[in-house]
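Enquirer: Can you read through this structure? Questions will come right after.
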Amino acid sequence: MAIEFTCPHCGAKKSVSEQFAGQTGPCAECNQIITIPGGQPQARKAGGGGMSTCAIVVVACLVLFIPCAGIMTALLLPAVQMSREAARRMGGSNNLKQLALAMHNYHDAYKSLPASSVLDQDGQPMHSWRVALLPFLERQDLYNAYHFDEPWDSPANQALANRMPAIFKCPSSPDPANVTNYMLVVGPETPFEEGQWRRFRDITDGTANTIMFVEVKGTNVNWLEPTDIPFSEAALWPNAVGGKNATGVGSYHPGGMNVAFMDGSVRFIADTIDPKIWKALLTHAGGEPVGGF
Numbered sequence: 119m120a121i122e123f124t125c126p127h128c129g130a131k132k133s134v135s136e137q138f139a140g141q142t143g144p145c146a147e148c149n150q151i152i153t154i155p156g157g158q159p160q161a162r163k164a165g166g167g168g169m170s171t172c173a174i175v176v177v178a179c180l181v182l183f184i185p186c187a188g189i190m191t192a193l194l195l196p197a198v199q200m201s202r203e204a205a206r207r208m209g210g211s212n213n214l215k216q217l218a219l220a221m222h223n224y225h226d227a228y229k230s231l232p233a234s235s236v237l238d239q240d241g242q243p244m245h246s247w248r249v250a251l252l253p254f255l256e257r258q259d260l261y262n263a264y265h266f267d268e269p270w271d272s273p274a275n276q277a278l279a280n281r282m283p284a285i286f287k288c289p290s291s292p293d294p295a296n297v298t299n300y301m302l303v304v305g306p307e308t309p310f311e312e313g314q315w316r317r318f319r320d321i322t323d324g325t326a327n328t329i330m331f332v333e334v335k336g337t338n339v340n341w342l343e344p345t346d347i348p349f350s351e352a353a354l355w356p357n358a359v360g361g362k363n364a365t366g367v368g369s370y371h372p373g374g375m376n377v378a379f380m381d382g383s384v385r386f387i388a389d390t391i392d393p394k395i396w397k398a399l400l401t402h403a404g405g406e407p408v409g410g411f
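In short: position in the sequence shown from 1, add 118, done, that's the working numbering.
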């Protein structure tokens, strides 16, 4: 198509191809500089190599958007990570709540709490409380498959070693799938003294002031293994920087860990807790004041 226009200097009428739209040059009649009407040249046909106004706008938007998107991602990433960790911590809290409820149901059925471990005739730990709770965690199938007449690490029972219910694992844990993150605190001053089958009425410090389960990390303890945390080691937890020490007590949650109490409640305990209060919460009949924590 041709563009018809008039020279604003000499009044001469001209006709040029549309490909020259928007270009500047001298008038053939008066030699004055003129601009061919049409603004931006239209998109050329295939093979012409031109770029439309729309394409230029799109490119400009992309040039501006890409660095802005990077900045927004950098700003939002910490918030997303915090949100995910909060969800994982809530999932871990729910695990402990269900384990505590299973303990209460066990107590209702047998009129006592389970022992931390069942001992063999030589006094060696043979079975864990985790196996004893399976019927109360809707895992009767695993309970029925377990051989109670054999130790936990016998070939028959090891067939279950990699079938750990997800409830025994913290959602934030990078530990192997068959390693538990929840343990009892055991020892003479705790509700779970070896060989003892205590009742809730024996918790004279109050069930709301006595810890049932703690979180552990990096212990590499298989869920079937009758191993828990001794009181003497668990009591050291708050003295370590950031709640980290060699005993395994602690969590993969920043700032503290989820703890289940004997009344079935679950609380997040900061690793800045007063060591004396922490130690008092681990005993069941010490009579120590705990105050706020």
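A virtual CB, placed ideally from N, CA and C, is assigned to each residue, including glycine.
Using DSSP with H/G/I as helix, E/B as strand and the rest coil, what is GLU122?
Expert: strand
Enquirer: Is the number of C-beta pairs between the stretch 286–306 and the stretch 344–356 that are closer than 8 Å three or more?
Expert: yes
Enquirer: Can you check whether the CB of HIS402 is closer than 7 Å to the CB of ILE329?
Expert: no
Enquirer: What are the partner residues of SER60, as DSSP defines its beta bridges?
Expert: Beyond the ends of the chain as shown, which are 119 and 411, falls residue 60; an answer cannot be given.
Enquirer: Does the stretch 199–210 come into contact with the stretch 272–290, if we say contact requires no fewer than three beta-carbon pairs (one atom in each stretch) closer than 8 Å?
Expert: yes
Enquirer: For VAL408 versus ILE395, is the C-beta distance shorter than 7 Å?
Expert: yes
Enquirer: Considering Cα atoms alone, identify which of GLY368, LYS397, GLU406 and ARG319 is closest to ASP389.
Expert: GLY368
Enquirer: Apart from the five residues on each side of it in sequence, which residues of its chain come closer than 8 Å, Cβ to Cβ, to PRO372?
Expert: Excluding positions up to five away in sequence, the list reads GLU203.
Enquirer: Pull up the distance between the alpha-carbon of ASN340 and that of ALA279, whole angstroms please.
Expert: 7 Å
Enquirer: Along the beta strand (DSSP E) that carries ASN376, what are the first and last residues, could you check?
Expert: 374–379
Enquirer: Check the DSSP bridge columns for GLU333 and list the partner residues they point to.
Expert: TYR300
Enquirer: Tell me which residue opens and which closes the alpha helix (DSSP H) that PHE386 is part of.
Expert: Where PHE386 is concerned, there is no enclosing alpha helix (DSSP H), although the beta strand (DSSP E) it sits in stretches over 384–388.
Enquirer: Given that a residue counts as buried once 16 or more other Cβ atoms are within 10 Å of its Cβ, and exposed if not, what is SER234?
Expert: buried
Enquirer: From ALA227 to LEU255, what distance separates their C-alpha atoms?
Expert: 14 Å
Enquirer: Under the three-state reduction of DSSP, which class applies to PRO253: helix, strand or coil?
Expert: Three-state DSSP puts PRO253 in a helix.
Enquirer: In terms of residues, what are the limits of the alpha helix (DSSP H) holding LYS287?
Expert: That residue, LYS287, is in no alpha helix (DSSP H); it is neither H nor E in DSSP.
Enquirer: With 16 other CB atoms within 10 Å as the buried threshold, where does ARG248 fall?
Expert: Looking at its Cβ environment, which holds 16 or more other Cβ atoms inside 10 Å, ARG248 is buried.
Enquirer: Does DSSP put PHE310 in a helix, in a strand, or in coil?
Expert: PHE310 falls in the strand class under three-state DSSP.
Enquirer: Quick check: the Cα distance between ALA398 and ASN275, rounded to an integer number of angstroms?
Expert: 37 Å
Enquirer: Starting from ASN275, trace the alpha helix (DSSP H) in both directions and tell me its first and last residue.
Expert: 273–276
Enquirer: Report the three-state DSSP secondary structure of ASN340 (helix, strand or coil).
Expert: strand
Enquirer: Please state whether the Cβ-Cβ distance between VAL334 and GLY366 is less than 7 Å.
Expert: yes
Enquirer: Quick check on the burial criterion: 16 or more other C-beta atoms within 10 angstroms. Buried or exposed for GLU343?
Expert: buried
Enquirer: At the level of alpha carbons, what is the spacing between ASN363 and ASP381?
Expert: With a pLDDT of only 48 at ASN363, under the threshold of 50, the placement of this residue in the model should not be trusted; the figure read from the coordinates follows. Taking the straight line from one Cα to the other gives about 28 Å.
Enquirer: Thinking ALA326 and PHE379 are a contact (beta carbons under 8 Å), I'd like their distance in whole angstroms, please.
Expert: 6 Å
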